[in-house]
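To start, the structure under review is shown below, and the notes come after it.
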Amino acid sequence: MKELDQVSRHQHPLQPRNWFLAKGSKVHCATRPLIMGVVNVTPDSFYDGGRYTLPELAIAHALELIQQGADIIDIGGESTRPGADPVAEHEELARVIPVVEGLARQVTTPISVDTTKSRVAACALESGASIINDVSALREDPAMASVIAHSNAAVVLMHMQGTPQTMQQSPQYLDVGSDVLQFLDERVQTAIQAGIARTNIILDPGFGFGKLVSHNLDLLKQLSSFLVLNCPLLVGLSRKGFIGNVVGKSVEHREWGTAAAVALAVDRGAHIIRVHDVAMTIDVVKMAAALSPHWAAIGQEYNA
């Protein structure tokens, strides 16, 4: 593909970087994929909206996910489901910061905050977060890149066609794999030019964000092609709509469809798996990694 050839000219190593820096701490995803547990402190998220709107409930849930094996906790104060209404900055701060502060006092587990707002990001990083998960890939808020660069935080750059309000209104691609690959490469270069170190960048192809069912399936099939970008690869497949379309189940009953998609993502080299259901995903990831050529060291453990 033409875009892949263009990316290759950056002369990235053949093996993707399997670690990242988050405020000076090196987070390894070399020996196995990491699990990112989702904690939504929103009333309207597509799966767990309204369950953890009180800080004490959100913190308790995060601690439970960590006990189940989550390596990272991702806290979100604004729903990015299709058609979701924007949330005012002051409201997002009120939802997120007490949870980050309370959780950071109790654990050393890396805390990620899912936001596109630079002030929310800055306050979260000051409160104990070390990763910013920006679904706009630094496009929504011009000040976001500076906040990331000056804090030395890690950042997740995600592909999305349109906005949460418009993204599912007839998304179109010439070739979804090539188009998303080119977009992510361009966002990496933009981030580096803004002062963010490549070692602090994580990439997310954006399953369910401005993509039809066929686009999501094609992306999953082509996932290993994104490893050429030499950044850890994060995937968010948990209970997504395209899985529901394939298995014919409502969001409450998509755990097994999610498990199958996660297994394929791990087999294709995904480094970080973002999920609601940590406990069952741990076993899925272990088994898929043991069988995958991208995680050969795990499979070799069982040769004795």
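If you read the sequence shown in my numbering, its first letter stands for residue 12, the second for the next number, and so on.
C-beta atoms are modelled at their ideal positions from N, C-alpha and C, and glycine is treated no differently.
Please read these numbers as outputs of a predicted model, since none were measured by experiment.
Backbone CA spacing between Ala-307 and His-101 [nearest angstrom]: Here residue 307 is taken as the residue at index 296 of the sequence shown, counted from 1. Here residue 101 is taken as the residue at index 90 of the sequence shown, counted from 1. Taking C-alpha positions only, Ala-307 is separated from His-101 by approximately 47 Å.
Nearest-angstrom Cα separation, counted from Ala-272 out to Ala-316: The structure shown does not extend to residue 316, since the chain spans only 12 to 315, so no value can be given for it.
Under the three-state DSSP convention, the category Gly-255 falls into: As a first step, residue 255 must be located in the sequence shown, where it is residue number 244. Three-state result, Gly-255: helix.
Three-state secondary structure (DSSP) of Phe-220: Here the question's residue 220 lines up with position 209 in the sequence shown. Phe-220: coil per DSSP, three-state reduction.
Residues that DSSP places opposite Ser-36 in a beta bridge: Here the question's residue 36 lines up with position 25 in the sequence shown. Ala-33.
Contact check, Ala-99 vs Ala-156, beta carbons under 8 Å: Translated into positions along the sequence shown, residue 99 becomes position 88. Translated into positions along the sequence shown, residue 156 becomes position 145. Contact: no.
Of the residues Val-289, Phe-220, Val-167, the one placed nearest Ser-181, counting alpha carbons only: Along the sequence shown, read from residue 1 onward, the residue named residue 181 stands at position 170. Here the closest residue by C-alpha is Phe-220.
8 Å contact criterion, which Val-286 and Ser-249 should meet: CB distance rounded: Looking up residue 286 in the sequence shown gives position 275. Looking up residue 249 in the sequence shown gives position 238. About 4 Å separates the beta carbons of Val-286 and Ser-249, which is inside the 8 Å limit, making them a contact pair.
Secondary structure of Met-47, DSSP reduced to three states: Your numbering for residue 47 matches position 36 in the sequence shown. It is a strand residue.
Nearest-angstrom Cβ-Cβ length linking Val-295 and Ala-274, presumed shorter than 8 Å: As a working note, residue 295 is residue 284 in the sequence shown. As a working note, residue 274 is residue 263 in the sequence shown. In this structure Val-295 touches Ala-274 by the C-beta definition: roughly 5 Å separates them, less than 8 Å.
Beta-carbon contacts of Ser-138 that lie in its chain and below 8 Å, excluding the five residues immediately before and after: Within the sequence shown, residue 138 is the residue found at index 127, counting from 1. Result list for Ser-138: Ile-108, Val-111, Glu-112, Ala-115, in chain order.
Exposure of Thr-269, with buried meaning 16 or more beta-carbon neighbours within 10 Å: For the purposes of this step, residue 269 is taken as the residue at position 258 of the sequence shown. Burial check for Thr-269: the Cβ neighbour count within 10 Å reaches 16 or more, so the residue is buried.
Run of the beta strand (DSSP E) containing Gly-316, from where it starts to where it stops: A query on residue 316 cannot be resolved here, the shown segment of the chain reaching from 12 to 315 and no further.
Given 8 Å, three or more beta-carbon pairs between the segment 150 to 168 and the segment 194 to 208: Under the Cβ criterion (8 Å, minimum of three pairs), the segment 150 to 168 counts as touching the segment 194 to 208.
Supposed contact pair Ser-147 and Ile-122 - C-beta distance, whole angstroms, cut 8 Å: In the sequence shown, the residue the question calls residue 122 occupies position 111. In the sequence shown, the residue the question calls residue 147 occupies position 136. That belief does not hold up - the Cβ atoms of Ile-122 and Ser-147 are roughly 20 Å apart, past 8 Å.
Beta strand (DSSP E) segment containing Asp-215, residue limits: In the sequence shown, the residue the question calls residue 215 occupies position 204. Asp-215 -> beta strand (DSSP E) spans 212 to 215.
Selection from Glu-67, Glu-266, Leu-244, Pro-54 that minimises the alpha carbon distance to Thr-91: Indexing the sequence shown from 1 puts residue 91 at position 80. The shortest CA-to-CA distance from Thr-91 to any of Glu-67, Glu-266, Leu-244, Pro-54 is the one to Pro-54.
Residues that Ile-284 bridges to, as DSSP identifies them: As a position in the sequence shown, residue 284 is number 273, starting the count at 1. DSSP lists Ile-46, Val-246 as partners of Ile-284.
Own chain, CB closer than 6 Å to His-76, minus 5 neighbours either side, in chain order: Within the sequence shown, residue 76 is the residue found at index 65, counting from 1. One point to set straight first is that residue 76 is Leu, not His, in the sequence displayed. Taken in chain order, the residues that qualify are Gly-48, Val-289.
Paired residues, beta bridge with Ala-165 - DSSP: As a working mapping, residue 165 is identified with position 154 in the sequence shown. In DSSP, Ala-165 forms a bridge with Ile-142.
Buried versus exposed, by CB contacts within 10 Å (16 or more), Phe-57: Position 46 of the sequence shown, counting from 1, holds the residue named residue 57. Any reading at Phe-57 must be qualified, since the residue scores a pLDDT of 49, below 50, and its modelled position is unreliable; no value is offered.
Assigned secondary structure, Ile-207 (DSSP; H/G/I helix, E/B strand, else coil): By 1-based counting over the sequence shown, the position of residue 207 is 196. Coil.
Per DSSP, the bridge partner or partners of Ile-122: As a working mapping, residue 122 is identified with position 111 in the sequence shown. Its beta-bridge partners are Ile-84.
Distance CB(Ile-283)-CB(Leu-45) smaller than 8 Å: The sequence position of residue 283 within the sequence shown is 272, counting from 1. The sequence position of residue 45 within the sequence shown is 34, counting from 1. Result yes, Cβ atoms of Ile-283 and Leu-45 sit closer than 8 Å.
Where the alpha helix (DSSP H) through Leu-65 begins and ends: Position 54 of the sequence shown holds residue 65. Per DSSP, Leu-65 lies in no alpha helix (DSSP H) segment and is marked neither H nor E.
Whether Gln-79 touches Ile-293 by CB criterion (8 Å): Counting from one through the sequence shown, the residue named residue 79 turns up at place 68. Counting from one through the sequence shown, the residue named residue 293 turns up at place 282. Against a cut-off of 8 Å, the Cβ pair of Ile-293 and Gln-79 comes out as a contact.
Simplified DSSP state of Lys-232, which is helix, strand or coil: Here residue 232 is taken as the residue at index 221 of the sequence shown, counted from 1. Three-state DSSP puts Lys-232 in a helix.
Residue range of the unbroken alpha helix (DSSP H) whose run includes Lys-128: To locate residue 128, count along the sequence shown from 1; it is residue 117. First-last for Lys-128: undefined, no H or E at that position.
Pick from Leu-245, Thr-126, Lys-260 that is closest to Leu-195, judged by C-alpha positions: Along the sequence shown, one-based indexing puts residue 195 at 184. Minimum Cα-Cα distance from Leu-195 among the listed residues Leu-245, Thr-126, Lys-260 corresponds to Leu-245.
Buried versus exposed, by CB contacts within 10 Å (16 or more), Thr-119: What you label residue 119 is simply residue 108 of the sequence shown in a count that begins at 1. Classification for Thr-119: exposed.
CB contact flag (Pro-216, Val-191, <8 Å): The count along the sequence shown starts at 1 and reaches residue 216 at position 205. The count along the sequence shown starts at 1 and reaches residue 191 at position 180. Their beta carbons are under 8 Å apart, which means Pro-216 touches Val-191 by this criterion.
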